[in-house]
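Asks:
Printed below as a string of structure tokens:
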């Protein structure tokens, strides 16, 4: 049964014309006993929320409740979904932003990665809400996990394009990474963050 439902969710993911009418059904699967189904539903709700944020609004609290799940994958998907919903309408995820930062220090590198990715999504349209949190992202630049370290500079790139003044205090650190990090993709992403900050003329709020 789980496999059949999982395949149905996969098919629905690929057919956006059916999304709006199926939001309540997909949301009901957050209570499914299978973490695999719940995770798939949560991912889809996030994508639906990017397109139909107001229709997803009644379910954001349930999605956010998985921030403290004992299951690594469900914590990941909670972050992913909140990021997409928050990109469309920050007000829907604002009540859970501080909770989301729990995941910045999660023991699972995949969860930390999803946290950064979600933050990039939210910061795309509401960069200023991250002003007080930049030291947390600066710590993630030094993460012991390579994939996390690859993604971390991307948050500074997103902010640098929109609010360069927030990133300027971290240019020295980013420049060091761009020159010295042992991973080439980290160096490339750090250079991208620096370039976005130095060339930005944006005044997003």
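Numbering (the working numbering), first residue to last: 130 to 334.
Note that the Cβ used here is the ideal one computed from N, Cα and C, for glycine as well.
(1) Let me check understanding here. Comparing Cα to Cα, which of 172, 274, 202, 199 lies closest to residue 188?
(2) By Cβ distance below 7 Å, which residues in the same chain neighbour residue 336 in space, the five residues on each side in sequence not counted?
(3) Residue 215 lies in the alpha helix (DSSP H); which residues open and close that run?
(4) Within the same chain, show all residues whose beta-carbon is closer than 6 Å to that of residue 266, passing over the 5 residues directly before and after it, in chain order.
(5) Under three-state DSSP, which class holds residue 248?
(6) Residue 269: which of 243, 164, 199 sits nearest, CA to CA?
(7) Let me know the alpha helix (DSSP H) ranges lying completely inside the segment 244 to 326, each 4 residues or longer, listed in chain order.
(8) Find out if the Cβ-Cβ distance for the pair residue 179, residue 213 is shorter than 7 Å.
(9) Quick test of your reading: residue 167 and residue 134, contact by CB under 8 Å. State the CB separation rounded to the nearest angstrom.
(10) Which whole-angstrom value is the C-beta distance of residue 263 and residue 299, which I expect to be below 8 Å?
(11) Apart from the five residues just before and just after residue 237, which ones in its own chain have a Cβ nearer than 8 Å to its Cβ?
(12) Measure the alpha-carbon distance for residue 185 versus residue 289 and round it to whole angstroms.
(13) What are the start and end residues of the alpha helix (DSSP H) that includes residue 193?
(14) Which first and last residues belong to the alpha helix (DSSP H) in which residue 139 is found?
(15) What would DSSP say about residue 225, mapped onto helix, strand or coil?
(16) List the endpoints of the continuous alpha helix (DSSP H) containing residue 155.
Replies: Reading from the atomic positions:
(1) Of 172, 274, 202, 199, the residue nearest in Cα terms is 172.
(2) Examination of residue 336 is not possible in this model, given that the chain is present from 130 through 334 alone.
(3) In this chain, the alpha helix (DSSP H) harbouring residue 215 covers 201 to 217.
(4) Excluding residues within five positions, the ones whose Cβ falls inside 6 Å are 284.
(5) Here residue 248 sits in helix by DSSP.
(6) Relative to residue 269, the option among 243, 164, 199 whose CA is nearest is 243.
(7) You should have 263 to 269, 275 to 291, 293 to 296, 300 to 309.
(8) Yes. Within cutoff.
(9) With 8 Å as the limit, residue 167 and residue 134 do not qualify as a contact, their Cβ atoms being about 11 Å apart.
(10) Here residue 263 really is in contact with residue 299; their C-beta atoms are around 7 Å apart, less than 8 Å.
(11) Within the same chain, residue 237 has close Cβ partners 201, 204, 205.
(12) Computed Cα separation, rounded: 30 Å.
(13) Going by DSSP, residue 193 is part of the alpha helix (DSSP H) stretching over 189 to 193.
(14) Residues 131 to 142.
(15) In the structure shown, residue 225 adopts helical secondary structure according to DSSP, grouped into three states.
(16) Annotation: the continuous alpha helix (DSSP H) that includes residue 155 extends over 148 to 157.
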